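Written below as structure tokens is the structure these notes are about.
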Amino acid sequence: MPSPSTTTTLPSGEAVPVLGQGTWMMGEDRNRAADEIAALRLGLDLGVTLIDTAEMYGSGGAEKVVGEAIAGRRDEVFLVSKVLPSNASRNGVVRACEASLKRMHTDRIDLYLLHWRGGVPLSETIAVFEELRQSGKIRHWGVSNFDTDDMEEMGRLRAGKGAQTNQVLYNLTRRGIEFDLLPWCREGGVPVMAYSPVEQGALADNKGLAAIAARHDATAAQLALAWVMAQAGVIAIPKATRLEHVRQNAAARDIRLTPEDLAELDRLFPPPARKRPLEMI
Ligand code: NAP
64 MPSPSTTTTL
74 PSGEAVPVLG
84 QGTWMMGEDR
94 NRAADEIAAL
104 RLGLDLGVTL
114 IDTAEMYGSG
124 GAEKVVGEAI
134 AGRRDEVFLV
144 SKVLPSNASR
154 NGVVRACEAS
164 LKRMHTDRID
174 LYLLHWRGGV
184 PLSETIAVFE
194 ELRQSGKIRH
204 WGVSNFDTDD
214 MEEMGRLRAG
224 KGAQTNQVLY
234 NLTRRGIEFD
244 LLPWCREGGV
254 PVMAYSPVEQ
264 GALADNKGLA
274 AIAARHDATA
284 AQLALAWVMA
294 QAGVIAIPKA
304 TRLEHVRQNA
314 AARDIRLTPE
324 DLAELDRLFP
334 PPARKRPLEM
344 I
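Residue numbering for the sequence shown follows my numbering, beginning at 64 and increasing consecutively.
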């Protein structure tokens with residue numbers, strides 16, 4: 064089997080890893096911070112250099128954990144963070160971005176996303192993203208939880224074609240985007256960042272998945288990740304705080320799914336036959 068690609072390309076031309084590290088639920092309890100930092104640092108040691116966070120996670124706590132994890136090794140990391148829709152106005156984005164930079168002790172965010180659509184006109188948020196990009200506070204911008212009609216609307220805006228990703232819920236049990244959103248993004252060369260790729264841990268206990276995984280000497284969670292990473296133009300961002308999970312997730316990059324595996328996975332987790340509204344967690 065051909066090796067799965069370890070990177071995908073942003074519309075800007077920059078290559079980014081197809082495996083990253085999520086941080087939702089991190090930074091909520093100072094007693095767990097040392098373990099969370101150790102997990103993220105182990106991920107970096109293993110080359111899992113894309114880190115996904117958000118101002119929302121732990122009300123800034125996750126960004127603080129990320130800041131500690133990347134201290135002294137900022138240049139290794141492709142750092143993704145998100146602004147809340149309630150901060151998506153012109154002044155709100157500028158303030159939120161400054162606060163995120165401060166919490167993470169860095170001078171730039173590599174990819175800054177609108178977490179989901181709110182009441183502020185998209186054109187206003189995108190205009191300030193472009194200003195932040197020009198001033199170097201962010202290197203790229205994108206969106207999250209945008210369905211196909213949102214992407215189409217954004218594409219009609221003058222600066223709307225600058226979006227570098229759409230981060231959405233995608234895993235074997237949440238395949239709705241394959242009907243129209245994923246093809247739409249592929250057509251435009253916009254990678255999809257798949258959040259909750261192991262369905263918040265639930266796929267780790269899936270018996271059907273475990274049976275296929277056994278053929279690869281792998282776990283069900285690893286197989287779920289390998290499947291996401293095998294989809295063209297898709298980046299998986301599992302969150303793991305247990306070091307064993309971090310190691311397993313990094314090793315999932317080496318799993319080569321066969322055509323038989325893929326066919327069996329389609330039987331167990333059928334692709335969508337019609338449009339379904341985008342699901343969110
Ligand atoms: P997830 O990554 O699908 O699942 C995380 C859970 O799976 C944790 O309980 C983790 O356990 C467990 N896990 C990880 N690797 C495992 C392995 N190899 N074997 C067994 N269990 C494993 O869910 P998620 O955290 O919701 O999603 C990932 C990231 O996507 C988030 O952290 C966040 O950065 C992003 N996200 C974005 C949005 C958005 O609206 N844009 C929404 C949700 C999530 P341990 O932690 O105990 O290791």
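Each residue gets a CB set at the ideal place from its N, CA and C atoms; glycine is no exception. Note that the structure is a prediction, hence the values are computed from the model and not measured.
Where residue i falls: helix, strand or coil (DSSP)
i	result
M64	No answer about M64 holds up, because its pLDDT of 47 lies below 50 and its placement is not dependable.
K42	There is simply no residue 42 to check, as the chain begins at 64 and stops at 344 in what is shown.
P340	coil
Y258	strand
I275	helix
G264	helix
Y175	strand
K302	coil
V143	strand
N27	Since the first and last residues shown for the chain are 64 and 344, residue 27 lies out of range.
N234	strand
Cβ-based neighbour list, residue i, same chain, cut-off 8 Å, excluding 5 preceding and 5 following
i	result
I172	L142, V143, S144, C160, S163, L164, K200, I201, R202
Spatial neighbours of residue i in its chain, beta-carbon cut-off 6 Å, leaving aside the 5 residues before and after
i	result
P334	R238, E241
Y233	I240, A257
T211	D243, L244, W247
G106	Q84, V309
F209	N229
Nearest-angstrom Cβ-Cβ length linking residue i and residue j, presumed shorter than 8 Å
i	j	result
A313	A257	The Cβ separation is near 17 Å, so there is no contact.
A226	A190	Not quite, the Cβ-Cβ distance comes to about 13 Å (not below 8 Å), so this is no contact.
A102	A303	6 Å
L328	L235	7 Å
V261	A277	17 Å between Cβ atoms; not a contact.
P80	T69	6 Å
Start-to-end residues for the beta strand (DSSP E) that takes in residue i
i	result
R202	201 to 207
P246	Unbroken run through P246 is the alpha helix (DSSP H), 244 to 250; no beta strand (DSSP E).
A287	Per DSSP, A287 belongs to no beta strand (DSSP E); it is in the alpha helix (DSSP H), 283 to 293.
N-terminal and C-terminal residue of the alpha helix (DSSP H) that residue i is part of
i	result
N312	306 to 314
L147	Counting along the chain, L147 falls outside any alpha helix (DSSP H), and DSSP gives it neither H nor E.
Own chain partners of residue i with C-beta closer than 7 Å, once the 5 adjacent residues on each side are dropped
i	result
A336	none
E215	none
Open item on the list: Below 8 Å, how does it come out for the stretch 266 to 283 and the stretch 110 to 126: are there three or more Cβ pairs, yes or no?
Closed with: no
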